[in-house]
Amino acid sequence: MEESGEQAGSAACRVFTFKDAKSPEESLSVCIPEVLDPQYGMYVWPCAVVLAQYLWFHRDQLRGRAVLELGAGVGLPGVLAARCGARVSLSDGSDRPRCLENGRRSCAANGLRDVGVLGLSWGDVTPELLLLPPQDVVLGSDVFYDPEDFEDVLVTFVCLLRKNPEAQFWTTYQVRSSDWSLEALLHRWRLCCVSVPLADFGADGCELAGSALPGSHTVHMMIISRRSEVDPPAQGSPSAPRHAACRSAAQGKTD
1 MEESGEQAGS
11 AACRVFTFKD
21 AKSPEESLSV
31 CIPEVLDPQY
41 GMYVWPCAVV
51 LAQYLWFHRD
61 QLRGRAVLEL
71 GAGVGLPGVL
81 AARCGARVSL
91 SDGSDRPRCL
101 ENGRRSCAAN
111 GLRDVGVLGL
121 SWGDVTPELL
131 LLPPQDVVLG
141 SDVFYDPEDF
151 EDVLVTFVCL
161 LRKNPEAQFW
171 TTYQVRSSDW
181 SLEALLHRWR
191 LCCVSVPLAD
201 FGADGCELAG
211 SALPGSHTVH
221 MMIISRRSEV
231 DPPAQGSPSA
241 PRHAACRSAA
251 QGKTD
């Protein structure tokens, strides 16, 4: 990974460079300040690089679209989306001021003055959530890491669907337990999901964007959306590959 070597207080900037395999001359570098103190956990995780690669691959679809990142932390996917012309808001827990400040720091490091950073607690229908304009895309990297939060994350997305029923939730997760499932929750909230092979967007390698991430971690990409009347509910069985990504989700960011 390229590193700028610049430090601001307890943060150091890490540079991720995304390139087009078909047009090597086309590239985009994103600077992400990471907090050095490990107790804060505010640095780029493997899932974030994979999701950012998906956004880079589909950058032509982002210009002018409203994008909200949930659990953004340092906000690599959201910052990249903004650099590609999307109208982006970064969010993290309202009880995590250090994470929110790091999101602002990432925006400043990339010259992004129009990106909003707000506190959103998953599952809580707050004024901040209700006042958001209609979103086209919701982003989440490794937000499905604790089964206790699964439904809260989906409820937040469902609230956003009320303003734009066609919105999609683009999310990556790291496999940590094959016993956890989203199937029942997707059915309860009338949602469906589609697994996206990493090879489809050039994320099947162990080193992306000039970094050592995602390394040996097993990461999956899926798109969640409102289930139409003709869509079957998520089944998560070998006979339903389009829902295979829903069978397991990531645990805590502990590895």
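For the record, in the sequence shown the residue sitting at position 143 is 143 according to the UniProt record's numbering, with numbers rising by one throughout. Note that CB positions come from ideal geometry on N, CA and C, so glycine has one too.
Starting from the Cα of proline 133, find the closest Cα among Ala167, Ala203, Glu183 and give me that residue. If we check each option's Cα against that of proline 133, Ala167 comes out closest.
In terms of residues, what are the limits of the alpha helix (DSSP H) holding glycine 103? From DSSP, the alpha helix (DSSP H) with glycine 103 extends over 97-109.
Coarse secondary structure for glycine 86, derived from DSSP in three states: In the sequence on display, residue 86 carries alanine and not glycine. Alanine 86 sits in coil when the DSSP states are folded into three classes, being neither helix nor strand.
In angstroms with no decimal places, state the Cα-to-Cα distance between leucine 129 and glutamine 174. When rounded, the distance between both Cα atoms is 27 Å.
What is the DSSP secondary structure of cysteine 31, counted as helix, strand or coil? Residue state, collapsed to three classes: strand.
Rounded straight-line distance, which links the Cα of serine 106 to that of leucine 100: Each residue's alpha carbon lies about 10 Å from the other.
Closer than 6 Å by C-beta to glycine 93: which residues in its own chain qualify, once you throw out the five before and the five after it? Chain order, please. Result list for glycine 93: Ser121, in chain order.
Using the C-alpha atoms, what's the distance from cysteine 159 back to alanine 203? Straight-line Cα distance between these residues: approximately 30 Å.
Ends of the beta strand (DSSP E) at glutamine 168? Start and end: 168-174.
Is it buried or exposed for arginine 113, if we count other Cβ within 10 angstroms and need 16 for buried? With fewer than 16 Cβ atoms within 10 Å of its Cβ, arginine 113 is classed as exposed.
Alpha carbon to alpha carbon, how far is phenylalanine 144 from arginine 14? Give it in angstroms, no decimals. If I take the Cα positions, the gap works out to 25 Å.
Looking at leucine 51 and threonine 172, is the spacing between their C-beta atoms short of 8 Å? A contact, by the Cβ cut-off of 8 Å.
Under a three-way DSSP split, which group does glutamine 39 fall into? For glutamine 39, the predicted model reports a pLDDT of 45, less than 50, meaning its position is unreliable and no value from the coordinates is stated.
Closer than 8 Å by C-beta to alanine 11: which residues in its own chain qualify, once you throw out the five before and the five after it? Chain order, please. Answer for alanine 11: Pro33, Glu34, Val35, Leu36, Asn102, Arg105, listed in chain order.
Grab me the residues of aspartate 136's own chain with a C-beta within less than 7 Å of its C-beta, minus the 5 sequence neighbours each way, in chain order. Once the five neighbours on either side are set aside, the close Cβ partners of aspartate 136 are Arg65, Ala66, Val67, Asn164, Ala167.
Among all the DSSP beta bridges, which residues are the ones paired with glutamate 69? For glutamate 69, which the question treats as bridged, DSSP gives the partners Leu90, Leu139.
Determine the DSSP secondary structure at proline 214, reduced to helix, strand or coil. Three-state DSSP puts proline 214 in a strand.
Can you find the residues in the same chain that come closer than 6 Å, C-beta to C-beta, to aspartate 20, ignoring five residues on each side of it along the sequence? Excluding residues within five positions, the ones whose Cβ falls inside 6 Å are Glu26.
Note the first and the last residue of the continuous beta strand (DSSP E) segment covering serine 187. The question names serine, but residue 187 in the sequence shown is histidine. Taken as a continuous stretch (DSSP letters only), histidine 187 belongs to no beta strand (DSSP E), being part of the alpha helix (DSSP H) at 183-188.
Quick check on the DSSP output: the alpha helix (DSSP H) that includes alanine 52 runs from which residue to which? DSSP places alanine 52 inside the alpha helix (DSSP H), whose first and last residues are 46-57.
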